[in-house]
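K.L.:
2 protein chains.
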Amino acid sequence: MARGRAGDSGAPTMRDVAAHAGVSAMTVSRVLKADPGVSRSTRDRVTAAVDALGYRRNENARSLRLGGGTGLIGLVVTNLANPFYSRLALGVQEIVAARGLRVLLSNTGGHAEREHELVTDLTAHRVDGLIVVPAGSGHRHLAPAVLHDTPVVLASRPPAGIDVDCVLVDDFGGAEDGTRQLLSDGHRRIGFLGDSQADYTGAERFRGYWAAHEAAGLQPDERHVRRGLADVAAAQRAALALLSGPDAPTALFCTNNRMSHGAIRAVHALGRPVALSGFDDFELSDVIGLPLTIVSYDADEIGRRAARMLLDRIDSRGTGEPQPSRRTVVPTRVIRYGPPPGT
Amino acid sequence: MARGRAGDSGAPTMRDVAAHAGVSAMTVSRVLKADPGVSRSTRDRVTAAVDALGYRRNENARSLRLGGGTGLIGLVVTNLANPFYSRLALGVQEIVAARGLRVLLSNTGGHAEREHELVTDLTAHRVDGLIVVPAGSGHRHLAPAVLHDTPVVLASRPPAGIDVDCVLVDDFGGAEDGTRQLLSDGHRRIGFLGDSQADYTGAERFRGYWAAHEAAGLQPDERHVRRGLADVAAAQRAALALLSGPDAPTALFCTNNRMSHGAIRAVHALGRPVALSGFDDFELSDVIGLPLTIVSYDADEIGRRAARMLLDRIDSRGTGEPQPSRRTVVPTRVIRYGPPPGT
DNA sequence: CTGTTAGCGCCTTCAA
DNA sequence: TTGAAGGCGCTAACAG
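Chain order of the listed sequences is V and R. In terms of my numbering, the first sequence opens at residue 1 and continues consecutively. In terms of my numbering, the second sequence opens at residue 344 and continues consecutively.
1. Spell out whether any CB of chain V is found under 7 Å from the CB atom of R:E458.
2. Tell me, please, whether the segment 410–421 of chain R touches the segment 460–479 of chain R by the rule of three or more beta-carbon pairs shorter than 8 Å.
3. Which residue comes first and which comes last in the beta strand (DSSP E) that contains R:L536?
4. Beta carbon of V:A11, beta carbon of R:H491: below 7 Å?
5. First and last residue of the beta strand (DSSP E) that includes V:A383?
6. Assign V:G202 to one of three DSSP states: helix, strand, or coil.
7. How far does the beta strand (DSSP E) with R:T671 in it reach, from first residue to last?
8. Between the segment 475–508 of chain R and chain V, which residues of the former have a C-beta closer than 9 Å to a C-beta of the latter?
9. Check R:A498 in the structure and name its three-state DSSP category.
10. Should the segment 566–575 of chain R be regarded as contacting the segment 631–645 of chain R, the criterion being three or more beta carbon pairs within less than 8 Å?
11. Any beta carbon from chain R within less than 7 Å of V:M1's own beta carbon?
12. Mark R:M357 as exposed unless 16 or more other C-beta atoms lie within 10 angstroms of its C-beta, in which case mark it buried.
13. Among the candidates V:L142, V:E176 and V:L270, whose CA atom is the shortest distance from the CA of V:A160?
14. In its own chain, which residues sit with a C-beta less than 6 Å from the C-beta of V:L101, not counting the 5 before and 5 after it?
15. Please report the residue range of the alpha helix (DSSP H) in which V:Y85 lies.
16. For V:G245, does the three-state DSSP call read helix, strand or coil?
17. Could you please give the first and the last residue of the uninterrupted alpha helix (DSSP H) stretch that includes V:D16?
18. Could one say the Cβ of V:Q236 lies closer than 7 Å to chain R's Cβ atoms, at least one of them?
19. Which residues mark the beginning and the end of the beta strand (DSSP E) in which R:L619 is found?
20. Rounded to a whole number of angstroms, what is the C-alpha to C-alpha distance between V:P341 and V:A239?
21. Quick one: using the 10 Å Cβ neighbour count with 16 as the cut-off for buried, is R:T463 buried or exposed?
22. Answer yes or no: do V:Q93 and R:N450 have a C-beta to C-beta separation smaller than 7 Å?
23. In chain order, what residues of the same chain have a beta carbon less than 8 Å from the beta carbon of V:I162, not counting five sequence neighbours either side?
24. Assign V:T201 to one of two classes, buried (16 or more other C-beta atoms within 10 Å of its C-beta) or exposed (fewer than that).
25. With a cut-off of 8 Å, do at least 3 Cβ pairs link the segment 603–612 of chain R to the segment 265–274 of chain V?
26. In the structure shown, what three-state DSSP assignment does R:T493 receive?
27. Could you tell me whether the Cβ of R:N599 comes closer than 7 Å to any Cβ of chain V?
28. Taking the alpha-carbon of V:R326 as reference, which of V:R317, V:Y55, V:D312 and V:D221 has the nearest alpha-carbon?
29. Compute the beta-carbon to beta-carbon distance between V:L168 and V:S184, rounded to the nearest angstrom, for a pair I have assumed lies under 8 Å.
30. How long is the line joining the alpha carbons of R:R580 and R:G646, rounded to whole angstroms?
31. Closer than 7 Å by beta-carbon distance: list the chain V residues that pair up with R:E664, in chain order.
32. For R:M369, count the other beta carbons within 10 Å of its own beta carbon; 16 or more makes it buried, fewer makes it exposed. Which is it?
33. Quick one: which residues of the segment 410–435 of chain R get their C-beta closer than 7 Å to a C-beta of chain V? List them in chain order.
34. Run through DSSP, which three-state label would R:S527 get?
35. Beta-carbon of V:H125 versus every beta-carbon of chain R: anything under 7 Å?
36. May I have the straight-line CA-CA distance separating V:C166 from V:P158, to the nearest angstrom?
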């Protein structure tokens with residue numbers, strides 16, 4: 001014998017419904033899938049039993065039997081507290097829910113090992129696909145071979161050493177645009193505040209900052225470049241130091257919202273007007289009263305595109321030849337707030 | 344015969360591993376659960392086969408067989424784009440992940456029917472528990488009887504007509520504290536900006552606003568009360584109207600971050616200093632340059648407490664007598680920013 | 001120490 | 001129109 005059930009969760013099974021309706025389990029199954037080959041009276045009796053017992057079909061058992069997929073999409077982000085990622089998650093939700101799928105959400109806190117664990121865990125739950133904002137630079141655990149061809153889409157960062165779809169932001173172009181604005185406003189000493197040097201996004205934005213200078217026949221002063229700033233406080237300190245030093249920059253470029261916030265605090269504390277440019281718009285940016293040149297983009301759209309790409313992959317699995325991997329880039333746009341600088 | 348497999352997802356099964364290692368599936372199962380009763384050499388052979396095939400145990404099949412729970416927690420929020428809810432989700436994640444459970448996240452967009460669907464759907468996936476921020480005032484679909492005793496914890500709003508655990512914010516006390524501050528600063532005409540009249544949270548905060556006046560022997564001017572403001576723009580318009588009218592209030596109380604943002608915009612546009620008090624702190628509130636009296640609380644903590652309560656319930660299921668439902672209230676604190684008002 | 005049997009809840013196939 | 005058999009991937013109980 002093989003009993004050994006532990007929970008016996010109290011939820012009725014299909015056989016409970018069958019017994020209640022005086023039919024076989026098979027008939028219940030047919031009614032639930034709206035199979036036409038069931039008589040009206042039987043159908044009504046089964047439906048009544050379902051309502052009486054509050055029966056819900058067990059989706060896990062169903063997908064096990066059918067083998068066609070669990071209806072679950074794994075989403076792995078680095079930090080849900082950052083509005084950027086929560087918007088991304090919302091975008092994914094939107095597209096995925098419209099297809100009747102559900103999102104299994106995980107937060108890595110930026111730890112690559114944790115990401116590895118989570119991805120492994122999600123595949124153990126047989127998700128139909130994965131959307132990942134990679135925490136580290138090693139992506140081997142996301143390789144199609146490792147995941148047994150579970151479709152994967154990366155968001156924000158391109159794949160490294162593996163061949164999968166991804167959705168990126170125009171980091172380089174956006175940084176270039178923002179910096180060019182500052183230059184055309186007449187600024188010639190533009191500081192740079194960036195976070196982790198290992199981050200792809202930050203590196204691209206730094207490249208854009210540098211390229212804008214070169215395109216204008218200029219070169220940034222290396223002493224005005226501060227990278228590896230871990231949080232708002234670090235950015236604030238770095239900004240204060242830059243702005244208080246000799247040949248202080250007249251403007252600062254910030255790679256993301258945390259850097260911008262630090263810079264805004266520093267400028268506010270200083271009481272002297274300094275032009276700021278940086279990635280990520282935020283509510284009330286127009287009320288701050290500082291000359292801001294914001295590089296903005298639609299975070300929801302990243303999630304939506306990633307979800308659509310993933311659904312495409314899921315739909316076309318086993319359909320003839322394997323499709324080449326795709327890459328899409330979400331555009332940025334520059335928004336200006338506050339008093340016109342350079343006057 | 345009963346074939347009919349659809350996907351055949353390509354993922355190896357336990358029997359594939361067994362065949363590869365030249366043992367039975369049972370032995371593989373034992374190795375995977377670290378059962379001591381397996382010889383060293385067999386264990387090594389199985390481990391090698393697992394690695395070679397990249398095998399991952401199918402958690403769905405496992406939980407079906409064990410019957411003890413799926414390791415999934417359902418989380419249903421109204422709007423993930425609101426930082427409040429994303430922090431809450433993060434708090435839930437934190438506690439739940441530490442126990443090796445995963446979060447199935449859903450967004451209702453504030454629609455009660457959608458919530459109903461989602462809850463039904465989550466139970467069909469046999470989640471071990473549910474944390475819900477209710478969208479509507481009807482909670483019958485969350486009743487223990489309907490959910491077959493799947494544990495439920497409500498967040499932000501108390502249960503209506505059902506008996507389940509909940510985590511609340513001290514809406515009344517917080518609003519009272521914030522309003523009292525404005526009163527003790529000397530304000531005697533304090534406007535009120537609130538959203539949906541049907542919302543529990545908003546109603547409690549309105550009560551607090553009113554009670555603070557009564558405690559001071561005063562009564563708010565009804566003409567200065569604006570409720571049912573759907574978004575930031577509506578709040579901004581209402582604030583402008585109030586502040587431009589006759590006997591304009593010298594201060595405004597705002598029930599949440601959207602109301603506050605609208606008010607800040609209005610005051611900013613007006614160019615005249617108006618004291619503001621409202622719920623929900625935000626980044627850069629200290630840089631706005633307005634006299635702000637913020638009622639703040641820890642949104643992560645709501646998620647953490649809800650998750651802990653839920654885990655408690657899950658742990659104590661079937662353990663003797665049913666526990667009475669619990670309720671916990673997260674405290675608020677008042678933070679003051681900007682120039683001291685009333686001078 | 002290892003294999004066989006049986007069945008979790010469901011559904012496809014075949015038989016009645 | 002309905003039921004019986006069998007098995008998806010896994011593991012508890014019982015052999016051997």
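Note that beta-carbon positions come from the ideal geometry of N, C-alpha and C, so glycine has one too. Quick caveat: nothing in here was measured; it's all calculated off a predicted structure.
P.N.:
Here's the rundown:
1. The count along the second sequence starts at 1 and reaches residue 458 of chain R at position 115. No, R:E458 lies away from the interface with chain V (no Cβ there is under 7 Å from its Cβ).
2. Short answer: they touch.
3. Translated into positions along the second sequence, residue 536 of chain R becomes position 193. From DSSP, the beta strand (DSSP E) with R:L536 extends over I533 to L536.
4. Indexing the first sequence from 1 puts residue 11 of chain V at position 11. Indexing the second sequence from 1 puts residue 491 of chain R at position 148. Using a Cβ distance threshold of 7 Å, V:A11 and R:H491 count as a contacting pair.
5. Nothing can be reported for residue 383 of chain V, as the shown portion of chain V is limited to 1 through 343.
6. Looking up residue 202 of chain V in the first sequence gives position 202. Helix at V:G202.
7. Along the second sequence, one-based indexing puts residue 671 of chain R at 328. Where R:T671 is concerned, the enclosing beta strand (DSSP E) stretches over R670 to V673.
8. Close to chain V, meaning a Cβ-Cβ distance shorter than 9 Å, are the following residues of the segment 475–508 of chain R: A488, V489, L490, H491, D492 and T493.
9. Within the second sequence, the letter at position 155 stands for residue 498 of chain R. In the structure shown, R:A498 sits in a strand (DSSP, three-state: E or B).
10. A contact between stretches requires three or more CB pairs, one per stretch, nearer than 8 Å, and the segment 566–575 of chain R fails this requirement with the segment 631–645 of chain R.
11. Sequence index remark: in the first sequence, residue 1 of chain V carries index 1 (1-based). Unreliable positioning characterises V:M1 in this predicted model, as indicated by a pLDDT of 34, which lies under 50. A coordinate reading is not provided.
12. The residue you call residue 357 of chain R lines up with position 14 of the second sequence. With 16 or more Cβ atoms within 10 Å of its Cβ, R:M357 is classed as buried.
13. To locate residue 160 of chain V, count along the first sequence from 1; it is residue 160. The shortest Cα separation from V:A160 among V:L142, V:E176 and V:L270 belongs to V:L142.
14. By one-based count along the first sequence, residue 101 of chain V stands at place 101. Excluding five sequence positions before and after V:L101, the CB atoms of its chain that fall closer than 6 Å to its own CB belong to G71 and I73, given in chain order.
15. The residue given as residue 85 of chain V occupies position 85 in the first sequence. According to the DSSP assignment, V:Y85 belongs to the alpha helix (DSSP H) that extends over P83 to A98.
16. Walking along the first sequence from the start, residue 245 of chain V turns up at place 245. In the structure shown, V:G245 sits in coil (DSSP, three-state: anything other than H, G, I, E or B).
17. Position 16 of the first sequence, counting from 1, holds the residue named residue 16 of chain V. Boundaries of the alpha helix (DSSP H) around V:D16: M14 to A21.
18. Translated into the one-based positions of the first sequence, residue 236 of chain V becomes position 236. Not an interface residue.
19. Counting from one through the second sequence, the residue named residue 619 of chain R turns up at place 276. Run containing R:L619: A618 to F622, per the beta strand (DSSP E) assignment.
20. Numbered from its first residue, the first sequence carries residue 341 of chain V at position 341. Numbered from its first residue, the first sequence carries residue 239 of chain V at position 239. At V:P341 the pLDDT is 41, less than 50, meaning the model places this residue with poor confidence and gives no usable figure here.
21. Along the second sequence, one-based indexing puts residue 463 of chain R at 120. By the 10 Å Cβ count, R:T463 comes out exposed.
22. Here residue 93 of chain V refers to the residue found at position 93 when the first sequence is read from its first residue. Here residue 450 of chain R refers to the residue found at position 107 when the second sequence is read from its first residue. Yes, they are a contact pair.
23. Position 162 of the first sequence, counted from the first residue, corresponds to residue 162 of chain V. Excluding sequence neighbours, V:I162 sits near H139, R140, L142, A143 and P144.
24. The sequence position of residue 201 of chain V within the first sequence is 201, counting from 1. Of the residues assessed, V:T201 falls on the buried side of the cut-off, its CB having 16 or more other CB atoms within 10 angstroms.
25. Because the criterion of three Cβ pairs below 8 Å is not met, the segment 603–612 of chain R and the segment 265–274 of chain V do not touch.
26. In the second sequence, residue 493 of chain R corresponds to position 150, counting from 1. Coil at R:T493, not helix or strand.
27. Residue 599 of chain R sits at position 256 when you count from the first residue of the second sequence. R:N599 is outside the set of residues whose beta carbon lies under 7 Å from a beta carbon in chain V.
28. Within the first sequence, residue 326 of chain V is the residue found at index 326, counting from 1. Ranking V:R317, V:Y55, V:D312 and V:D221 by Cα distance to V:R326 puts V:D312 first.
29. Locating residue 168 of chain V in the first sequence gives position 168, where the first residue counts as 1. Locating residue 184 of chain V in the first sequence gives position 184, where the first residue counts as 1. Between V:S184 and V:L168 the Cβ distance is about 26 Å, and since that is not below 8 Å, they are no contact.
30. One-based indexing of the second sequence puts residue 580 of chain R at position 237. One-based indexing of the second sequence puts residue 646 of chain R at position 303. Their backbone Cα atoms lie some 33 Å apart in a straight line.
31. Residue numbering aside, residue 664 of chain R sits at position 321 when the second sequence is read from its first letter. Taking a Cβ-Cβ cut-off of 7 Å, R:E664 has no neighbours in chain V, whose nearest Cβ is about 16 Å from it.
32. Residue mapping note: residue 369 of chain R aligns to position 26 of the second sequence, counting from 1. With fewer than 16 Cβ atoms within 10 Å of its Cβ, R:M369 is classed as exposed.
33. Those residues of the segment 410–435 of chain R that come within reach of chain V (Cβ to Cβ, closer than 7 Å) are G410, G411, G412, T413, L423, A424, P426, S429, R430, A432 and L433.
34. Residue numbering aside, residue 527 of chain R sits at position 184 when the second sequence is read from its first letter. In the structure shown, the three-state DSSP call for R:S527 is helix.
35. Taking the first residue of the first sequence as 1, we reach residue 125 of chain V at position 125. Yes, because at least one Cβ of chain R sits closer than 7 Å to the Cβ of V:H125.
36. Here residue 166 of chain V refers to the residue found at position 166 of the first sequence. Here residue 158 of chain V refers to the residue found at position 158 of the first sequence. Straight-line Cα distance between these residues: approximately 6 Å.
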